[in-house]
Amino acid sequence: MKFMYFFLPTLPATLEERRRLRPIAMHPDRWQKMIEEVVEITQLAEDVGFEAVSYPEHHLHSEGIEMGSLPLLTLHILHNTTRIKAGPIGYVLPGWNPLRLALEIAWLDQLAKGRTFVGFARGYQSRWLNQMAQKVHVGATSSDKSETDRINREVFEEVFQFLKLAWGDKPFRFNGKHYQYPTPQEGTPWPAAEWTREYGFPGEVDEQGRIQMINVVPKPYQRPHPPLFQAFSLSEETVRWCAREAIRPTIILPQPETVRTLAQAYQEESRKAGRTLKLGENIGVLRGIYLADSVQGAKKLAENGMCVLGFKEVFHHFGFTEAWREPADETRYPTGKATLPASEVTADRIQRVKFAYMGTVDDVKRGLDELVEKANPEWFVWQGDQGFLPKDEVKRQIELFGKKLLPRYA
């Protein structure tokens, strides 16, 4: 397996401090502390053998959790490391102008000389996505098959199709439902047409001096493009789409048997698309890890970490914990309820459903061995605890994992 450390870049603070300093995101010193922690933890991850670090794209969080994934953060991390790869999982495509995103990705990859990758997400947070995507009249989605969900996927796939053309070797035209290039489609007037006709790509301008095709430059440093990831897949439909497009899905569903089923679906769909893969190849999983001298000690860490406290306070509102259902939940919380209640987000539950591995080195090893045996995912994405647990504790966990466990699977 290849190991990736996943940040939710978080302004370090206890819940009490967040109340007292409300809103904590207005305090520059907390931003500086977060940036320093992200860099320092990444440097350690690089030293112990992690392949990559990543983070989501989220904005406007005055509470100080999940503070975005702009290209500048990637550049800052790469500037302060030497080998490890960095990038977002992922860019929320419906919130981006596709041309601007293609340029941002290519510039980043050129500057990083190939030490970055590209992740994609559809976007589930209306707080900021509805603001950024207002001109294309698309909103956040909870993947509920609603009209909003349909339009969100439509825009997501349109932006992705544009990116594939932008990464190609030839100029192109694009006439989508939401975006058209060139604009207007009959041609964009271009006073320097003679210059372009002589030195630009053949076919970009017509005899009337109008732009008829666009040629997005620079191209990425990695050809045809950086490695592609999909954020936190919950459905077989998404996994199969990823397989058709040669994208690495990152599966958040917990049970190893479930991961195996999705890995088999990815393998099958890839074969239909002409790509023969081993079981688990190109597949990623997102999991937590909590190492201590005992299971109880690890559970105490988890209760204060992202995998419990973060989901209990924030993310259970968005329905993610539905993936953690157990048979007994059907009588207490019938399927279709928006989410499990916060009271059900416990270290005991996430251990039982195997969303996090916790305990001694041997306990965690047994969990990872089972995952490898059942699904053999190529990527293990560790849901990190930066900003939730003290920095020194986060570093201790990574150092112990790198010394005692990572060599077994790398």
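Sequential numbering of the sequence shown, starting at 1391, is according to my numbering.
Glycine included, C-beta positions come from ideal geometry on N, C-alpha and C.
message: Going by DSSP, what residue range makes up the alpha helix (DSSP H) through G1687?
response: Segment 1685 to 1694, the alpha helix (DSSP H) holding G1687.
message: Check this for me: beta carbons of I1679 and Y1589, under 8 Å apart or not?
response: Between I1679 and Y1589, the C-beta gap is not smaller than 8 Å, which leaves the two residues out of contact.
- request: Check whether the Cβ atoms of W1769 and M1391 lie closer than 8 Å to each other.
  value: It is a contact, given that the beta carbons lie within the stated cut-off.
message: Can you tell me where the alpha helix (DSSP H) holding W1585 begins and where it ends?
response: Taken as a continuous stretch (DSSP letters only), the alpha helix (DSSP H) holding W1585 covers 1583 to 1589.
- prompt: If we ignore side chains and look at the alpha-carbon of each, how far apart do V1429 and F1397 end up?
  reply: About 11 Å.
task: Identify every run of the alpha helix (DSSP H) within the segment 1494 to 1580, keeping only runs that are complete inside it and at least 4 residues long; order them along the chain.
output: Within the segment 1494 to 1580, the complete alpha helix (DSSP H) runs of at least 4 residues are 1516 to 1522, 1537 to 1556.
- prompt: Given 8 Å as the limit, is there contact between the segment 1478 to 1496 and the segment 1552 to 1561, that is, 3 or more CB pairs closer than that?
  reply: Touching, yes.
task: Within 10 angstroms of the Cβ of M1416, are there 16 or more other Cβ atoms? Answer buried if so, exposed if not.
output: So M1416 counts as exposed.
message: Once the 5 residues before and after I1467 are set aside, which same chain residues still bring their CB inside 6 Å of it?
response: Result list for I1467: T1432, A1476, in chain order.
task: Return the bridge partner residues of I1604 from the DSSP annotation.
output: Looking at the DSSP assignment, I1604 forms a beta bridge with F1562.
message: Does the contact criterion of 3 or more C-beta pairs under 8 Å hold for the segment 1664 to 1681 versus the segment 1632 to 1641?
response: Cβ pair count under 8 Å is three or more, so yes.
Meets three-Cβ-pair contact criterion under 8 Å: the segment 1589 to 1600 and the segment 1615 to 1633: Using a C-beta cut-off of 8 Å, the segment 1589 to 1600 makes no contact with the segment 1615 to 1633, since fewer than three inter-stretch Cβ pairs fall below that distance.
- request: Go through its chain and collect everything with a Cβ distance to D1437's Cβ below 8 Å, but skip five positions before and after it.
  value: Around D1437: G1792.
query: Given 8 Å as the limit, is there contact between the segment 1448 to 1462 and the segment 1510 to 1527, that is, 3 or more CB pairs closer than that?
result: Pairwise C-beta distances place the segment 1448 to 1462 in contact with the segment 1510 to 1527, as three or more of them are shorter than 8 Å.
query: By a C-beta neighbour count over all protein chains shown, 10 Å radius and 16 as the cutoff for buried, is H1363 buried or exposed?
result: Given that the chain is displayed from residue 1391 to residue 1800, the structure contains no residue 1363 and the question cannot be resolved.
query: With which residues is A1442 paired in a DSSP beta bridge?
result: According to DSSP, A1442 shares a beta bridge with M1394, K1475.
message: Please identify the residue among V1606, F1562, E1712, L1669 whose C-alpha is closest to the C-alpha of L1761.
response: Nearest neighbour of L1761 by Cα position, chosen from V1606, F1562, E1712, L1669, turns out to be L1669.
Where F1705 sits in the DSSP three-state scheme: Helix, per DSSP.
query: Would you say W1772 and M1394 are within 8 Å of each other, going by their C-beta atoms?
result: The criterion of a C-beta distance shorter than 8 Å is satisfied by W1772 and M1394.
field: Endpoints, beta strand (DSSP E) assigned at Y1656
entry: Note, Y1656: premise wrong, no beta strand (DSSP E); alpha helix (DSSP H) at 1646 to 1662.
task: Look up R1715 in the DSSP assignment and say whether it is helix, strand or coil.
output: The answer is coil: DSSP assigns R1715 none of H, G, I, E or B.
query: Taking the alpha carbon of Y1445 as the point to measure from, which residue in D1499, F1619, G1577, G1593 has its own alpha carbon closest?
result: Taking the Cα of Y1445 as reference, the smallest distance to any Cα among D1499, F1619, G1577, G1593 is reached at F1619.
query: For I1455, which beta-bridge partners are listed by DSSP?
result: The beta-bridge partner set that DSSP reports for I1455 is empty.
query: What three-state label does DSSP hand Y1799 in the structure shown?
result: Helix, per DSSP.
query: How would you label L1462, buried or exposed, when you count the other beta carbons within 10 angstroms and need 16 or more for buried?
result: It is exposed - the Cβ of L1462 has fewer than 16 other Cβ atoms within 10 Å.
task: Would you mind giving the Cβ-Cβ distance between P1644 and I1604, rounded to the nearest angstrom? I have them listed as a contact below 8 Å.
output: With 8 Å as the limit, P1644 and I1604 do not qualify as a contact, their Cβ atoms being about 44 Å apart.
query: Does the distance from the C-beta atom of R1512 to that of N1542 stay below 8 Å?
result: Contact flag set, yes.
task: Pull up the distance between the alpha-carbon of A1800 and that of S1733, whole angstroms please.
output: A1800 and S1733 have their C-alpha atoms some 37 Å from each other.
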